[in-house]
Amino acid sequence: MIDFTLTEEQKSCQKLVREFAQNEIAPTALERDAEQRHDPQIVSKYFGIGLLHYAVPEKYGGAGLGSLEGCLFSEELAAKDAGVAACLLGNILGLTPFLIAGSEQLKEELLPGHCSGPNLAAFCLTEAEAGSDVTSLRSTAKAGGEEFVINGTKRFITNGGVANLYSVFASEDLSLGHRGISAFVVPAGTPGIHHGKKEDKMGQRTTDTREVIFENVRVPARYRLGQGRDGFKISMMTLDESRAGVGAGAVGIAREALEAATAYSKERVQFGKPIAAQQAIQFMLADMAMKVNAARLLCWHAAWLHDHGRRNTMESAMAKCFAGDVAMQVTTDAVQILGGYGYMKEYHVERYMRDAKLHQIFEGTNQIQRVVIARQLLEA
Ligand SMILES: Cc1cc2nc3c(=O)[nH]c(=O)nc-3n(C[C@H](O)[C@H](O)[C@H](O)COP(=O)(O)OP(=O)(O)OC[C@H]3O[C@@H](n4cnc5c(N)ncnc54)[C@H](O)[C@@H]3O)c2cc1C
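Below you can see the structure in the form of structure tokens.
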């Protein structure tokens with residue numbers, strides 16, 4: 601049988617994050633967006649409720665929770681500020697290669713320290729010439745004695761300037777294409793790490809997104825993850841794991857836009873009655889609600905598969921892609937329902953629309969998700 605009931609623990613965590621988002625994130629969302637400001641105080645407070653490192657096993661100082669819980673948190677956080685959600689969940693994205701492929705010794709060495717405070721991680725894969733085509737990355741990792749020397753520039757990195765730990769993908773042998781890529785964990789204090797300027801973004805402006813430059817960065821050989829030259833696989837496994845949560849963030853934005861549009865339609869009177877009395881508006885709201893629910897179920901299913909040890913490459917791509925498209929459609933419709941007011945910043949829905957757009961681009965564009973889905977279908 602299928603049971604969609606959340607456990608009591610999941611419900612109480614969801615409530616905790618919903619209240620946190622309502623009380624600590626929502627009141628300042630507009631001004632943070634306008635100022636394009638990352639807020640370390642929110643990170644500290646979120647650490648304070650014990651969920652910043654939710655996916656890290658308890659023995660290393662995390663909360664030991666799974667992907668489904670990640671979806672719950674992502675939806676609640678993104679509903680109030682998708683940029684803050686990207687920052688907080690970006691920590692888990694940055695840690696995931698490490699959790700998947702780090703040695704026990706390395707985890708014991710680095711994770712308890714990271715998890716003991718409001719520390720953030722960042723996932724450094726994208727480069728100027730390597731966006732959708734990750735195999736074109738030019739960053740290098742040269743082995744020498746007991747260490748690796750990393751050189752390269754990573755672009756559009758979430759938490760780029762504020763992370764304490766980076767997972768970095770670099771090639772040990774560029775002639776081998778994706779078979780030469782290795783994954784590394786690099787503490788932010790390592791000499792040779794520089795930050796580019798903060799990107800001026802359309803949406804999700806409250807995340808620190810920037811270039812991270814690695815210039816002769818020396819890390820001990822044990823900081824290489826996995827067996828070496830398996831970095832491409834580690835990066836794909838990471839994205840399989842994270843995409844359900846990214847989709848859930850899109851669900852959060854869409855849910856909030858739907859709620860705003862529903863409330864407004866009941867208040868706004870034109871032609872002597874609320875616009876909600878018009879069937880044209882009712883049908884828009886009904887379509888929006890169907891899409892939000894369907895997107896949420898796709899995300900939960902992809903997360904459930906992961907939490908039950910099942911491969912979810914196709915389902916997580918479906919979840920991320922569908923939810924991202926839904927967020928774009930629903931937020932656009934919400935702006936439409938609010939009419940001219942929807943176009944004004946103080947009504948928030950234009951921000952949801954700008955924030956939603958990123959969900960069709962990052963963690964692999966929605967075209968690339970369709971490539972992944974089609975490949976899985978055709979190879980089956
Ligand atoms: C705000 C933000 C935060 C980000 N955070 C991170 C991060 O933390 N870490 C990280 O590593 N990266 C991050 N990224 C990078 C993001 O994952 C890439 O931008 C994304 O994968 C697309 O790469 P690109 O921008 O180079 O676009 P391109 O790959 O140049 O794509 C341009 C267009 O061509 C299309 N296209 C390309 N190839 C194909 C194909 N084979 N079939 C069909 N269409 C195709 C794309 O869908 C897109 O529409 C972030 C990006 C942004 C904007």
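Quick note: the sequence shown uses our numbering, first residue 601, plus one each step.
Beta carbons are placed, not taken as given, at the ideal position from N, Cα and C, and that holds for glycine.
Keep in mind the model is a prediction, meaning the values are calculated, not measured.
Any heavy atom of ligand 1 nearer than 5 Å to the CB - residues listed: F723, L725, T726, G731, S732, F756, I757, T758, T809, F962, T965, Q967
CB-CB length for D681 against R632, believed under 8 Å: Against the sequence shown, residue 681 aligns to sequence position 81. Against the sequence shown, residue 632 aligns to sequence position 32. Right, their Cβ atoms sit about 7 Å apart.
Mind reading off the beta-carbon distance from I834 to A678? Whole number of angstroms is fine, and I expect it under 8 Å. Against the sequence shown, residue 834 aligns to sequence position 234. Against the sequence shown, residue 678 aligns to sequence position 78. In fact, because the Cβ distance is near 26 Å, the residues do not count as touching under 8 Å.
So what does DSSP say about L765, is it helix, strand or coil? Walking along the sequence shown from the start, residue 765 turns up at place 165. Here L765 sits in strand by DSSP.
Would you check if the stretch 913-924 and the stretch 962-978 touch, i.e. whether three or more CB-CB distances between them fall below 8 Å? yes
Is the separation between the beta-carbon of E811 and that of R738 shorter than 7 Å? Start at 1 with the first residue of the sequence shown, and residue 811 comes out as number 211. Start at 1 with the first residue of the sequence shown, and residue 738 comes out as number 138. For E811 and R738, no; Cβs fall outside 7 Å.
Below 8 Å, can you find three or more Cβ-Cβ pairs linking the stretch 820-829 to the stretch 691-706? yes
Quick one, which of S771, L938, V846 has its alpha-carbon nearest T758's? Along the sequence shown, read from residue 1 onward, the residue named residue 758 stands at position 158. Residue V846 is the option with its Cα nearest to T758.
Under the rule that 16 or more other beta-carbon atoms within 10 Å means buried, what is R843, buried or exposed? Here residue 843 refers to the residue found at position 243 when the sequence shown is read from its first residue. With a threshold of 16 other beta carbon atoms within 10 Å, R843 meets it and is buried.
Under 8 Å by Cβ, that's how I've got T735 and G792 pegged, so tell me the actual separation to the nearest angstrom. On the sequence shown, position 135 is the one that residue 735 refers to. On the sequence shown, position 192 is the one that residue 792 refers to. About 25 Å; that fails the 8 Å criterion.
So if DSSP puts N912 in a beta bridge, which residue, or which two residues, is it bridged to? What you label residue 912 is simply residue 312 of the sequence shown in a count that begins at 1. DSSP lists no partner for N912.
Under 6 Å from any heavy atom of ligand 2, does the C-beta of I625 make it? The ligand content of the structure shown is limited to ligand 1, which means ligand 2 is not among them.
Considering V972, what are the terminal residues of the alpha helix (DSSP H) in which it resides? As a first step, residue 972 is located in the sequence shown; it is residue number 372 there, counting from the start. From DSSP, the alpha helix (DSSP H) with V972 extends over 966-979.
Would you check if the distance between the CB atom of A770 and the CB atom of A788 is smaller than 7 Å? Your numbering for residue 770 matches position 170 in the sequence shown. Your numbering for residue 788 matches position 188 in the sequence shown. Taking 7 Å as the Cβ cut-off, A770 and A788 do not qualify as a contacting pair.
Does F748 come out as helix, strand or coil in the three-state DSSP assignment? For this step, residue 748 is matched to residue 148 along the sequence shown. In this structure, F748 counts as strand in the three-state DSSP scheme.
Among D773, F871, R954, whose alpha-carbon lies nearest the alpha-carbon of G924? The residue given as residue 924 occupies position 324 in the sequence shown. Residue R954 is the option with its Cα nearest to G924.
Which whole runs of the beta strand (DSSP E) in the stretch 880-964 are 3 residues long or more, in chain order? none
Please list, in chain order, all residues of the same chain as E675 whose beta carbon is under 6 Å from its beta carbon, the five residues on each side excluded. Residue 675 sits at position 75 when you count from the first residue of the sequence shown. A848, V851, G852.
Along the chain, where does the alpha helix (DSSP H) containing E811 start, and where does it finish? Counting from 1 along the sequence shown, the entry for residue 811 is found at position 211. Not the alpha helix (DSSP H): E811 falls in the beta strand (DSSP E), residues 809-820.
To the nearest angstrom, report how far apart A889 and I881 are at their CA atoms. Reading the sequence shown from its first residue, position 289 is the one you call residue 889. Reading the sequence shown from its first residue, position 281 is the one you call residue 881. Cα-Cα distance, rounded: 12 Å.
What three-state label does DSSP hand E841 in the structure shown? Taking the first residue of the sequence shown as position 1, residue 841 is located at position 241. Reduced to three states, the DSSP call for E841 is helix.
Answer yes or no: do A686 and T790 have a C-beta to C-beta separation smaller than 7 Å? Numbered from its first residue, the sequence shown carries residue 686 at position 86. Numbered from its first residue, the sequence shown carries residue 790 at position 190. Going by C-beta atoms, A686 is not nearer than 7 Å to T790.
With 16 other CB atoms within 10 Å as the buried threshold, where does P697 fall? The sequence position of residue 697 within the sequence shown is 97, counting from 1. Buried, by the Cβ-count rule.
Is the beta carbon of F784 less than 7 Å from the beta carbon of V768? Along the sequence shown, one-based indexing puts residue 784 at 184. Along the sequence shown, one-based indexing puts residue 768 at 168. Against a cut-off of 7 Å, the Cβ pair of V768 and F784 comes out as a contact.
Note down, in chain order, each residue of its chain lying with its Cβ closer than 6 Å to the Cβ of L699, except the 5 sequence neighbours on either side. Position 99 of the sequence shown, counting from 1, holds the residue named residue 699. None.
Since K659 is in the beta strand (DSSP E), which residue starts that stretch and which ends it? Here residue 659 corresponds to residue number 59 of the sequence shown, with the count starting at 1. If you look at K659, you'll find it isn't in any beta strand (DSSP E); DSSP assigns it neither H nor E.
Could you round the C-beta distance between C715 and Y660 to whole angstroms and report it? I think they count as a contact, below 8 Å. The sequence position of residue 715 within the sequence shown is 115, counting from 1. The sequence position of residue 660 within the sequence shown is 60, counting from 1. Rounded, the Cβ-Cβ distance is 6 Å, consistent with contact.
Does the stretch 929-940 come close enough to the stretch 661-670 that 3 or more CB-CB pairs lie under 8 Å? no
What are the partner residues of R770, as DSSP defines its beta bridges? Locating residue 770 in the sequence shown gives position 170, counting from the first residue. The amino acid at residue 770 is misidentified as Arg; the sequence shows Ala. In the DSSP output, where bridge partners are listed per residue, A770 has S782.
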